[in-house]
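First up is the structure itself, then whatever we jot down about it.
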Amino acid sequence: MPSPELKAALEAASAAAAIIRGYYGRNPEVHTKADQTPVTEADLRAEQTIRAVLAERFPGYGFYGEETGRHDAGAENVWLVDPIDGTKSFVRECPFFSTQIALLRAGRFVLGVSSAPVYGELAWAEVGAGAYLNERPVRVSATGALPASIISTGNLKTLAASGQWAKLGGLIGQVSRIRGYGDFLHYHLLARGALDVVIESDVNILDIAALTVIVREAGGRFTDLSGGEVTLATTSVLASNGRLHASVLAALA
């Protein structure tokens, strides 16, 4: 049975989805934030709605939102929310954007919801309870060798400017297929066993916190590109089916 927290997160995601669908394809006005990223009324209204739902159910929990910032005041339990991860896609009427809701408890990510309302996928997971995609349990692949593997990449600007870029090229030469699904999509594909490895740089923790739980509960492994644990400061990702993790880390080291 889903916990009350997961039920609240799913309800909040559903409420946000209704708002987002109402704005999609209607040329919403776009503003540029201080960090040069776009924001629309849909982002703002979706986050307000999510926060209202979660605060009603769990008034003592902290909140860290993409649009409204951190309001945790040392709380042990903190919701992490990106109302539209992929606003650029949303604005250009490309369906590859999602709502991300995670719960951080005492420094550990324990719950994740990834809702892609236009694409039509909803994934969720809780620690110890498995991962689900569109209400069906999912599991990572059993691929154990790089020559048989499929890798998906995203947000590679920082990696391209680093010494790891040539090593990524060497890794690509060893695998079966390279793709760039990006955003929520390649994590959903990884969790259901449709690909084997995801590599990203230039990420924000709000983009990946929920997906960390989903991939791990599907049997995978989720670290940064150095193999370190995911924290609030994490900006890169190596996510895999687990079996290939050490091989990819070694190739990029």
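According to this note's numbering, the sequence shown is numbered sequentially starting from 3. All C-beta atoms in this analysis are idealised placements derived from N, C-alpha and C, irrespective of residue type, glycine included.
If we call anything under 8 Å between Cβ atoms a contact, is residue i one with residue j?
i	j	result
L192	V217	yes
A67	V83	For clarity, residue 67 is Gly in the given sequence; the question names Ala instead. Closer than 8 Å, so yes.
A19	P149	no
F111	A211	yes
A238	L246	Looking at the sequence itself, residue 238 is Ser, so the reference to Ala does not match. In this structure, L246 does not lie closer than 8 Å to S238 by Cβ.
T101	D45	no
I201	T155	yes
Is it right to say residue i is buried, meaning 16 or more other beta carbons lie within 10 angstroms of its own, or is it exposed?
i	result
W167	exposed
N157	buried
A104	buried
A36	exposed
A163	exposed
E78	exposed
T236	buried
Name the DSSP bridge partner or partners of residue i?
i	result
R110	R107
E49	Paired residues: none, contrary to the question.
I180	I153
G71	G67
A125	S116, L135
DSSP three-state label for residue i, please.
i	result
T155	strand
R59	helix
Y66	strand
F224	strand
S91	helix
P6	helix
T34	strand
S116	strand
V205	coil
T145	coil
E231	coil
Can you list, in chain order, the residues of its chain whose CB lies under 7 Å from that of residue i, leaving out five sequence neighbours each side?
i	result
T34	P40
S249	L148
N136	E123, L124
Leaving out the 5 sequence neighbours to the left and right, which residues in its chain are closer than 8 Å to residue i when beta-carbon positions are compared?
i	result
E69	V41, D45, L46, E49, P85
D74	G64, F65, Y66, V80
Can you list, in chain order, the residues of its chain with a C-beta nearer than 6 Å to that of residue i? Leave out the 5 residues immediately preceding and following it.
i	result
E219	A127, G132, A133
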